[in-house]
Each structure stands twice: as C-alpha cells, then as structure tokens.
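Residue numbers (the UniProt record's numbering): 1 to 230.
Note that the Cβ used here is the ideal one computed from N, Cα and C, for glycine as well.
Note that the coordinates shown come from a computational prediction; the quantities given were computed from them, not determined experimentally.
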Amino acid sequence: MAYLFIFIYILIILAVIEISALLFIYTGLDKQIARFQVISMMTGTGFTTGESELILEHPLRRKICAFLILFGAFSLAVIISSISSILSEEFLTKEVGYIAAGLILIILILKMPSVKNKFIDWLKHDVEEHYDFTDLPIKDVLLTNEDDYILKYPVLEDSPFAGKKLSEIIDPEKDDVVVLYVSRGEITIRKECLSTEIQEGDDIVVYGDEKTIKKTFGDDSEGKEVKKEG
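Structure, rendered in structure tokens:
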C-alpha cells in the first residue's frame, strides 16, 4: 500500500509539472523552455540560468513559479517521510489517487483547443487589467501586430554598417522602423542614435515592421530577434 502511495504521489508531481508547463506555454513561453524551467523550479536546480528571466519578467509566470518552488519543497518532504515510514505508516492511498485522477483530468481539459484558446485570451486580459504597464513583458507591450518585430543587431568587424550613421541606413520618414537605442559597452545612446557614427562592437536595437527590418539588416542576421508568437 505504501509503495502504491508513493507511485500515485509521483503521478501527482508529473501532473503538476505538465499543468504548469501548459500554463507557461499559454503565456507565450517556448514549450521546451517551459518544461525545463518547471522542473528546475520544483527541484531547485538550474533556475539561475539566463532563461529564468523569461519567468521573472512576467507577473503571471512569477505566481506559478512561487507555487512550484513551495510545492517542490513540500513534495520532497512528503516523499522522504513516506520512504522513512514505509513499513509503519498507514497511507491515504485512495484519497491521493483521487487527487491524481483530478489533476490528469485537468491536463486533458487544458489540452482541448477550445479551452486552450479561451484560457490564452483570459490570461492576456488578466495581465492587461491587473498589472501595471511596466510589469508586462516586452512582447505584450510592443508586439501587438503579427508584423511587429524587435531585433538586437551586433555590429561585427565585417559589418557594412560600421563607420556609417543610422540616418544613412534607415529613413524614419519612409521606413516603418524605429531605432530604440544603440548600446556601446556600458553606454546607451538614445537621443542621438540616428546621427551617431556606428562603431564595431555596438549593438543596435530596432523595432518595427519585420519585412523592413530583415530587408535592412538581412534575413541571416546574427542578432537576437523577438517576434510575436501566434
């Protein structure tokens, strides 16, 4: 009976992982990143990676994160207690089985296309209604249309932009592109970014129409891009 209890509780843990990963995915997080971060938070390992910023910058993801950290600590205590008392304790296997079945049912419901779409819409509405504008992730703030695009373009040694001004590359009156800033080491250039001569090692951050940006900076740009996920 004790072994069955442990097996069912492990099923509960797996179900919580799956539900949490689905919720992260519905908030716009990549599937592989979501699952890895959920496991990292529950086990307390690996959450200090750079990808953790994707969790911390989103208000709803932070709440899920807090739950997973607490649930992971609680689950570890339950499993250790179960193993240490495996021959002397009476386990509530039946009750725990009901919980596991309920969680599996939740997973099946969340994976239904109609429920998924409604849940995604609800999450977006909840974020807009209950959180400050500055708390929202960059994709929810700037990427409002399918063609919106953000690119961080590094100026390398052989870059054709080195030695030029951005006003020679981008026409703000014709091109649907806005230069957010130019990063030069610890210096961030905003006000005079269009008239500043670009140097090797600079990072140019631009926002606007995806086709125009790719036409200007190239489809094979080595920069870091951010796109709206459909």
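Beta-carbon spacing of I150, V182 below 8 Å: Note that the C-beta distance between I150 and V182 is not below 8 Å.
Near S195, what residues of its chain come up, given a Cβ to Cβ distance below 7 Å and the 5 sequence neighbours on each side ignored? If we look at S195 and ignore the five residues flanking it on each side, its Cβ neighbours are K165, S167.
Whose CA, out of I55, T45, R61, G97, lies closest to the CA of A73? Minimum Cα-Cα distance from A73 among the listed residues I55, T45, R61, G97 corresponds to T45.
Opposite I187 in the DSSP bridges: which residues? DSSP links I187 through a beta bridge to R184.
Between the alpha carbons of G163 and A21, how many angstroms are there, rounded? Taking the straight line joining both Cα atoms gives about 46 Å.
In the DSSP assignment, find the unbroken beta strand (DSSP E) run with V205 in it and report its ends. In the DSSP assignment, V205 falls within the unbroken beta strand (DSSP E) covering 203-209.
Inter-residue spacing [alpha-carbon to alpha-carbon] between G28 and I17: Looking at the two C-alpha atoms, the distance is approximately 17 Å.
Would you kindly work out how many angstroms separate the C-alpha atoms of R69 and F36, rounded to a whole number? Correcting the residue identity first, residue 69 is Ile in this sequence and not Arg. C-alpha separation (whole angstroms): 14 Å.
Any idea what DSSP makes of V155, helix, strand or coil? Of the three classes helix, strand and coil, the one that applies to V155 here is coil, per DSSP.
Within its chain, find whatever has a CB closer than 6 Å to the CB of D175; leave out the 5 residues flanking it on each side and keep chain order. Excluding residues within five positions, the ones whose Cβ falls inside 6 Å are T212.
To the nearest angstrom, report how far apart T188 and K215 are at their CA atoms. In this structure, the alpha-carbon of T188 lies about 25 Å from that of K215.
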